[in-house]
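Peer 1: Here you go, one structure.
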Amino acid sequence: GAGVSQSPRYKVAKRGQDVALRCDPISGHVSLFWYQQALGQGPEFLTYFQNEAQLDKSGLPSDRFFAERPEGSVSTLKIQRTQQEDSAVYLCASSWPRTSNTGELFFGEGSRLTVL
Amino acid sequence: GENVEQHPSTLSVQEGDSAVIKCTYSDSASNYFPWYKQELGKRPQLIIDIRSNVGEKKDQRIAVTLNKTAKHFSLHITETQPEDSAVYFCAAFTSGSARQLTFGSGTQLTVLP
């Protein structure tokens with residue numbers, strides 16, 4: 006596709022529900038990142054994939070958060086037993102270089118999660 | 012890990028004036044510094060970036076400066092226009108196995124007509 010695509014754009018969940026957020030990166034992009042952006046804040050790193058390998062998950066706030074990218078393309082961020090503090094915009098970003106030192110990321114529009 | 016501080020958090024300027032946003036970073040290994048513009052409800056979009064081997068870069072009305080010694084970099088927007096109104100984020104990137112961008116907290120720029 007022309008850009009990074011995320012779905013759903015908006016999700017309202019009751020506390021305790023599980024949610025799954027999908028990211029379609031730019032075709033051919035090796036690296037994929039998930040960020041969490043709270044209202045009025047900058048994006049906070051959650052996790053990073055290089056192809057299907059999850060190389061860094063140090064930003065995931067708890068074991069309720071899980072991300073996968075089984076075939077090295079589409080990625081899913083899953084949040085189990087959602088809490089109100091999980092309410093945020095979840096941004097996915099991709100980049101092509103694997104060995105280059107550039108960090109240019111292309112972001113999706115984000116999935117806005119509201120937990121009631 | 013890397014820590015990026017950004018100031019000011021809000022900035023209002025008259026149309027045609029200049030705007031300056033400043034960031035500091037903590038990790039001397041960081042080597043790439045992009046700036047993103049985010050309009051309300053939209054995705055962050057790269058507007059300019061600078062690498063650690065360069066001290067200044069300019070693209071039309073936008074320029075970025077980097078002082079590696081002081082671990083400080085700045086965004087300069089000249090001849091501001093109402094469409095420049097948005098939230099601007101600086102970020103620092105450290106290469107290696109993590110390859111993650113660390114963002115500042117953002118600056119809400121308002122250009123008053």
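Taken in order, these protein sequences are the chains called G and C. The first sequence begins at 6 in our numbering and counts up by one. The second sequence begins at 12 in our numbering and counts up by one. No residue lacks a Cβ here, since even glycine has one placed at the ideal position from N, Cα and C.
Near L120(C), what residues of its chain come up, given a Cβ to Cβ distance below 7 Å and the 5 sequence neighbours on each side ignored?
Peer 2: Within the same chain, L120(C) has close Cβ partners L22, A30, D95, S96, A97, Y99.
Peer 1: How far does the beta strand (DSSP E) with H167(C) in it extend, from its first residue to its last?
Peer 2: Any property of residue 167(C) remains undetermined from this structure, which presents chain C solely from 12 to 124.
Peer 1: So what's D95(C) in DSSP terms, helix, strand or just coil?
Peer 2: Correct three-state label for D95(C): helix.
Peer 1: Evaluate D60(C) with the Cβ neighbour count: other Cβ atoms within 10 Å of its Cβ, from every protein chain shown; 16 or more gives buried, anything less gives exposed.
Peer 2: Flag for D60(C) reads buried.
Peer 1: Got a sec: which bits of the region 43 to 65 of chain G sit with their beta carbon under 7 Å from any beta carbon on chain C, in order along the chain?
Peer 2: Within the region 43 to 65 of chain G, the residues whose Cβ lies closer than 7 Å to some Cβ of chain C are Q46, G47, P48, F50, Y53, L60, D61, listed in chain order.
Peer 1: Exposed or buried, what is Q56(C) when buried is set at 16 or more other beta-carbons lying within 10 Å of its beta-carbon?
Peer 2: By the 10 Å Cβ count, Q56(C) comes out exposed.
Peer 1: Report yes if the C-beta distance between S80(G) and E73(G) is below 8 Å; otherwise report no.
Peer 2: A contact, by the Cβ cut-off of 8 Å.
Peer 1: Just to confirm the assignment: which complete beta strand (DSSP E) runs, minimum length 3, are found wholly within the region 15 to 57 of chain C?
Peer 2: Counting whole runs of 3 or more residues, the region 15 to 57 of chain C contains the beta strand (DSSP E) stretches 15 to 18, 21 to 25, 30 to 36, 43 to 49.
Peer 1: Counting only beta-carbon separations shorter than 8 Å, does K53(C) have a partner in chain G?
Peer 2: True, the Cβ-Cβ gap to chain G drops below 8 Å.
Peer 1: So, S99(G) versus V9(G), is the Cβ gap smaller than 8 Å?
Peer 2: Yes.
Peer 1: How about A93(G) and Q22(G): are their beta carbons less than 8 Å apart?
Peer 2: Their beta carbons are not under 8 Å apart, which means A93(G) does not touch Q22(G) by this criterion.
Peer 1: Since I58(C) contacts R72(C) with CB under 8 Å, what's their CB separation in whole angstroms?
Peer 2: Between R72(C) and I58(C) the Cβ distance is about 10 Å, and since that is not below 8 Å, they are no contact.
Peer 1: Return the Cβ separation of T87(G) and A7(G) in integer angstroms, given the expectation that the two are a contact with Cβ distance under 8 Å.
Peer 2: So it is not a contact: roughly 31 Å between Cβ atoms.
Peer 1: Let me check one thing: in DSSP terms, what residues is I84(G) bridge-paired to?
Peer 2: Answer is V24(G), F70(G), bridged to I84(G).
Peer 1: Terminal residues of the continuous beta strand (DSSP E) containing E49(G)?
Peer 2: Note, E49(G): beta strand (DSSP E), 49 to 55.
Peer 1: Quick one: is D70(C) buried, meaning 16 or more other Cβ sit within 10 Å of its Cβ, or exposed?
Peer 2: D70(C) is exposed by the Cβ-count criterion.
Peer 1: Give the secondary structure of L112(C) by DSSP, where H, G and I count as helix, E and B as strand, and everything else as coil.
Peer 2: Reduced to three states, the DSSP call for L112(C) is strand.
Peer 1: Under 8 Å between beta-carbons, which chain G residues line up against P124(C)? List them in chain order, please.
Peer 2: Going along chain G, no residue has its Cβ under 8 Å from P124(C), so there is no contact; the nearest lies around 24 Å.
Peer 1: Buried or exposed for V120(G), going by 16 or more other Cβ atoms inside 10 Å?
Peer 2: V120(G) should be labelled buried.
Peer 1: Kindly indicate which three-state DSSP category E67(C) falls into: helix, strand or coil?
Peer 2: In the structure shown, E67(C) sits in a strand (DSSP, three-state: E or B).
Peer 1: Alpha carbon to alpha carbon, how far is V75(C) from F132(G)? Give it in angstroms, no decimals.
Peer 2: The requested residue 132(G) is not part of the displayed model; chain G covers only 6 to 121.
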